[in-house]
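Input: a single structure, listed below in structure tokens.
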């Protein structure tokens, strides 16, 4: 009898568990970065609670919320760039020395994408610097007692450094769109560790409101090294003037971009509006509670969404090949995992907050009470499903039903302002839950099912790039 070939060695149970949970190397580093932030978060929160006054904490978190105004300048352009790059990368590859090989036409089109995008982001960075620095100066200057805290210099420097980081965004976005997801998330992890370690040293030394500035400097240093040195050959090839065909922005990018841009503009009402409302109507101390709680919950949400966001480039490449069976298989499984992970994480955090308040510890009042915390956690868990559905649709370079987005975002912002101004963080939490559960989830699920059938059965509607609805 012929010899029986040796069977493959059985993998360890942790490896089998990771495979069952669809944890590849990119997801591993994405989760590792979020896990580090989650583990490091309590240390940072404790340092802030110990070394910041309640007023300083309110300014600290509202600084970050105001920096979120970059949404109005980015206009979700990074999502467009990532998805367009992934469609071109399907014909290209990266060698071991990080040079690009493959179809010359696809390389030329990809180069035109990065060059034009860098110019657009440069203009956006200048506008961001001018508008947001002035807006923050007026907003914080109106607050009673603002003359008693030194916020002006840290605010201006923070906005200037954020503008520089904003300009660097498309370089990393194109790299991720070229399916180099693992190194990008390795960078995120290294940046998170370095940032936390240095911030932990600076806060006890009295950094106060300069803390966000220090964190942004660390980000710039890590990303600058990554772009200028580690992937120098990759970017050198793309920054040369294209010698072949270039993207037709009017046909291939603009129909997708203006819809995504308006969605990004309105997205501020879904993510960054709550803290400034609480700051204005309830004061900086309440805003500090809101900001600290929101930071933990959104970090949990981002960690859960890592299962899907790290596959964005892969989704685009599968759409380019029209391999919809594999696309759907991956999507359904990852969406279920993301929702499950956030649900578990939210329950654990809500239990932690409840125990904290029940025990009466001195730092309990630095977080929101258990009720609004639980409502916010439920609202963000529901939002994960809609976020995954939009990632799927954007992989087709499509962003349909703009009118519904407009109506939903305005209702969302209006309801948060109305209830938040009257009932504080609890009112804002109920408003967000009502919109996510009664509007966003049912409406966008219907849109997703309808458009998915249309695009997969009608290739011409997919290639058009313009919403049929």
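Numbering (this note's numbering), first residue to last: 1 to 469. We put the beta carbon where it would ideally sit given N, CA and C, even for glycine. Keep in mind it's a predicted model, so treat the numbers as computed, not measured.
Using C-beta distances below 7 Å, list every residue in its chain close to residue i, excluding the 5 sequence neighbours before and after it, in chain order.
i, result
"residue 235", "171 and 227"
"residue 495", "One cannot answer for residue 495 here, as it falls past the ends of the chain, which runs 1 to 469."
"residue 318", "326 and 327"
"residue 181", "26, 310 and 313"
"residue 387", "305"
Going by the beta-carbon positions, is the gap between residue i and residue j smaller than 9 Å?
i, j, result
"residue 203", "residue 48", "yes"
"residue 255", "residue 109", "no"
"residue 310", "residue 26", "yes"
"residue 132", "residue 69", "yes"
"residue 289", "residue 429", "no"
"residue 308", "residue 338", "yes"
"residue 303", "residue 38", "yes"
"residue 417", "residue 214", "no"
"residue 158", "residue 52", "no"
"residue 399", "residue 232", "no"
"residue 377", "residue 437", "no"
"residue 111", "residue 102", "no"
"residue 75", "residue 264", "yes"
"residue 320", "residue 90", "yes"
"residue 292", "residue 61", "yes"
"residue 216", "residue 165", "yes"
"residue 199", "residue 44", "yes"
"residue 506", "residue 33", "What the structure shows of the chain is the stretch from 1 to 469, and residue 506 is not part of that stretch, so it cannot be assessed."
"residue 334", "residue 353", "no"
"residue 174", "residue 114", "yes"
"residue 86", "residue 196", "no"
"residue 440", "residue 408", "yes"
"residue 106", "residue 88", "yes"
"residue 249", "residue 116", "yes"
"residue 342", "residue 381", "yes"
On the criterion of 16 or more Cβ atoms from any shown chain inside 10 Å, does residue i qualify as buried, or is it exposed?
i, result
"residue 373", "buried"
"residue 135", "exposed"
"residue 42", "exposed"
"residue 397", "buried"
"residue 449", "exposed"
"residue 142", "exposed"
"residue 351", "exposed"
"residue 445", "exposed"
"residue 30", "buried"
"residue 72", "buried"
"residue 465", "Unreliable positioning characterises residue 465 in this predicted model, as indicated by a pLDDT of 41, which lies under 50. A coordinate reading is not provided."
"residue 151", "buried"
"residue 275", "buried"
"residue 458", "exposed"
"residue 240", "exposed"
"residue 284", "buried"
"residue 187", "buried"
"residue 80", "buried"
Quick one: what's got a C-beta closer than 8 Å to residue i's C-beta in the same chain, skipping five residues either side?
i, result
"residue 463", "At residue 463 the pLDDT is 44, less than 50, meaning the model places this residue with poor confidence and gives no usable figure here."
"residue 129", "159, 160 and 163"
Assuming residue i and residue j are in contact, meaning their beta carbons sit under 8 Å apart, how far apart are those beta carbons, in whole angstroms?
i, j, result
"residue 300", "residue 346", "6 Å"
"residue 431", "residue 420", "7 Å"
"residue 266", "residue 405", "6 Å"
"residue 99", "residue 286", "Not really, about 54 Å apart at Cβ, beyond 8 Å."
"residue 316", "residue 395", "5 Å"
"residue 192", "residue 358", "The pair is not a contact, with the Cβ atoms about 31 Å apart (cut-off 8 Å)."
"residue 84", "residue 253", "6 Å"
"residue 262", "residue 403", "Contact flag wrong, Cβ pair sits at about 10 Å."
"residue 77", "residue 295", "Rounded, the Cβ-Cβ distance is 25 Å, inconsistent with contact."
Can you find the residues in the same chain that come closer than 6 Å, C-beta to C-beta, to residue i, ignoring five residues on each side of it along the sequence?
i, result
"residue 156", "133"
"residue 168", "223"
- prompt: Which whole runs of the beta strand (DSSP E) in the stretch 183 to 253 are 3 residues long or more, in chain order?
  reply: none
field: Contained alpha helix (DSSP H) runs [length at least 4] in the stretch 334 to 401, N- to C-terminal order
entry: 370 to 394
query: Which runs of the alpha helix (DSSP H) spanning at least 4 residues fall entirely within the stretch 103 to 134, listed in chain order?
result: The stretch 103 to 134 contains no complete alpha helix (DSSP H) run of 4 or more residues.
query: Hey, which unbroken runs of the beta strand (DSSP E) at 3 residues or more fall wholly within the stretch 15 to 61?
result: none
query: Could you give the uninterrupted runs of the alpha helix (DSSP H) lying entirely in the stretch 417 to 453, keeping only those of 4 residues or more?
result: none
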